[in-house]
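The structure under discussion appears below in the form of structure tokens.
Encoded structure:
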């Protein structure tokens with residue numbers, strides 16, 4: 216049975232997930248020891264260069280909504296220009312987790328970026344991975360070698376094209392270290408930089424966040440969202456038209472999105488029952504990590520289960536890790552996951568108004584949980 220958009224699904228690590236994109240690309244480019252995890256050997260046979268694009272926020276189930284604005288991606292998705300199928304993001308299905316999952320080619324539990332915001336064990340610090348500079352040290356907070364490092368060691372001269380304001384940040388170093396960084400923010404600039412880089416780099420990656428921003432700000436299928444989808448398709452069209460011979464293009468995303476009605480937003484900081492016993496709040500609105508005061512974990516777990524009922528799956532850390540959603544989690548990363556883990560179901564979120572910027576309350580679309588709508592992402596492949 217095909218799952219509904221709000222049904223939970225499992226990450227398909229090792230054979231059909233975002234973590235498998237870069238290993239598969241490296242395998243196709245002849246890097247020893249890299250698996251053809253996505254089983255694309257036939258489609259990529261003989262390619263000398265690969266371009267990978269991540270379209271932030273454009274989930275598999277949003278492609279039909281984008282179709283009127285995205286003729287090139289629609290042609291790929293429907294088999295007229297390439298091949299397509301859904302794969303899954305990692306868990307939680309949120310941007311920092313996904314960027315490092317793609318960049319390392321490993322599941323979140325292994326690389327350790329297991330949430331948008333994470334409490335740093337032994338401190339009062341909550342690390343926001345989008346505003347992370349040099350503390351904690353990226354080399355220890357995310358210790359796994361990236362796929363770009365492996366590509367560089369194999370002589371592929373990898374290039375990453377992204378917003379230059381992220382150069383040198385903790386997130387960029389965690390996801391992209393080993394690559395040359397090229398500047399590109401808008402679709403045409405990204406396309407120009409990627410096509411130029413393919414002259415010397417055999418592996419080129421580009422990132423566009425327009426669809427995600429439009430969804431957060433205005434909602435899925437809003438006029439702004441449709442304009443962003445058209446911009447994303449312009450990027451893909453320019454790449455398809457400009458690919459050198461013996462080059463493949465792989466298009467994917469980091470997550471999908473769900474519009475969340477105003478009456479489906481709980482706020483843990485405005486409900487004393489939910490804030491009692493909680494020392495640190497991390498994660499994000501669709502997946503909350505609660506780090507409890509000494510001795511308070513059983514009461515917090517019980518209270519959250521009683522208050523949220525079937526609106527969320529509420530579990531202790533060990534149960535969440537045992538679910539397999541993160542992939543294997545080494546001992547060194549366990550404490551980054553909350554003592555209590557709250558995964559929202561259906562169209563519910565748990566805000567934290569006293570802990571997070573007020574603008575988050577104005578967002579329309581959210582992501583992070585393990586529903587089909589949030590976790591299924593596209594794998595689109597075109598070759599020249």
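Numbering (this note's numbering), first residue to last: 216 to 599.
Glycine included, every Cβ here is placed at the ideal spot set by N, Cα and C.
Residue 517 counts as exposed, since fewer than 16 other C-beta atoms from the protein chains shown sit within 10 angstroms of its C-beta. The closest CA to that of residue 243, considering only 254, 441 and 557, is found on 254. Straight across, the Cα-Cα distance linking residue 296 with residue 456 is about 11 Å. Contact between the stretch 531 to 547 and the stretch 443 to 460 is absent, with fewer than three C-beta pairs closer than 8 Å. Residue 377 is bridged by DSSP to 398. Each of 393, 322, 560 and 540 was checked against the Cα of residue 234, and the nearest Cα belongs to 322.
Counting C-beta pairs closer than 8 Å gives three or more between the stretch 500 to 513 and the stretch 542 to 554, which meets the contact rule.
DSSP, reduced to helix, strand and coil, places residue 525 within a helical segment of the structure shown. As for any alpha helix (DSSP H) of minimum length 4 sitting wholly inside the stretch 311 to 375, the runs are 323 to 326, 353 to 356 and 362 to 368, ordered along the chain.
Short of 6 Å from the beta carbon of residue 492, and not among the five residues preceding or following it, lie these beta carbons of its own chain, in chain order: 507, 508, 511, 514 and 515.
When the alpha-carbon of residue 583 is set against those of 332, 319 and 436, the nearest one is in 332. Of 232, 435 and 559, the smallest CA-CA separation from residue 313 is found for 232.
With a contact defined as Cβ atoms closer than 8 Å, residue 303 and residue 226 qualify at about 5 Å.
Looking at the DSSP output, residue 495 shares a beta bridge with 506. Taking 8 Å as the upper bound for CB-CB distance, residue 408 and residue 376 are in contact here, some 5 Å apart.
Within the same chain, 373, 393 and 394 come within 8 Å of residue 367 by CB-CB distance, once the 5 residues on both sides are set aside. Counting the other CB atoms within 10 Å of its CB gives residue 307 a total of 16 or more, which places it among the buried residues. In the DSSP annotation of this structure, the continuous segment of the beta strand (DSSP E) that includes residue 422 starts and ends at 418 to 423. Burial is judged here by how many other beta carbons sit within 10 angstroms of a residue's own beta carbon; residue 220 has fewer than 16 and is exposed. Residue 488 counts as exposed, since fewer than 16 other C-beta atoms from the protein chains shown sit within 10 angstroms of its C-beta. In the assembly as shown, residue 276 is a buried residue. Its beta-carbon has 16 or more other beta-carbons within 10 Å.
As the crow flies, the alpha-carbon of residue 550 is around 6 Å from that of residue 336.
CA-to-CA, the gap between residue 265 and residue 474 works out to about 34 Å. Annotation for residue 284: 441, 442, 444, 445 and 448 place their beta carbon closer than 8 Å to its own, counting only its chain and skipping 5 residues before and after.
Closest in alpha carbon position to residue 339, among 422, 559 and 497, is 497.
Between the alpha carbons of residue 413 and residue 382 lies a gap of roughly 20 Å.
Under the DSSP assignment, residue 481 falls in the beta strand (DSSP E) whose first and last residues are 480 to 482. Rounded to the nearest angstrom, the gap between the Cα atoms of residue 404 and residue 490 is 46 Å.
9 Å or more divides the Cβ of residue 281 from the Cβ of residue 596. Between the alpha carbons of residue 460 and residue 386 lies a gap of roughly 33 Å.
Between residue 371 and residue 246, the C-beta gap is smaller than 9 Å, which places the two residues in contact.
In this structure residue 356 is in contact with residue 327, their Cβ atoms being roughly 7 Å apart against a cut-off of 8 Å. Taking 9 Å as the cut-off, the Cβ atoms of residue 278 and residue 593 count as close.
For residue 596, the enclosing beta strand (DSSP E) covers residues 591 to 598.
Where residue 278 is concerned, the enclosing alpha helix (DSSP H) starts and stops at 278 to 281. Beyond the five residues adjoining it in sequence on each side, residue 419 comes within less than 6 Å, by CB distance, of 266, 374, 409, 412 and 413 in the same chain, given in chain order.
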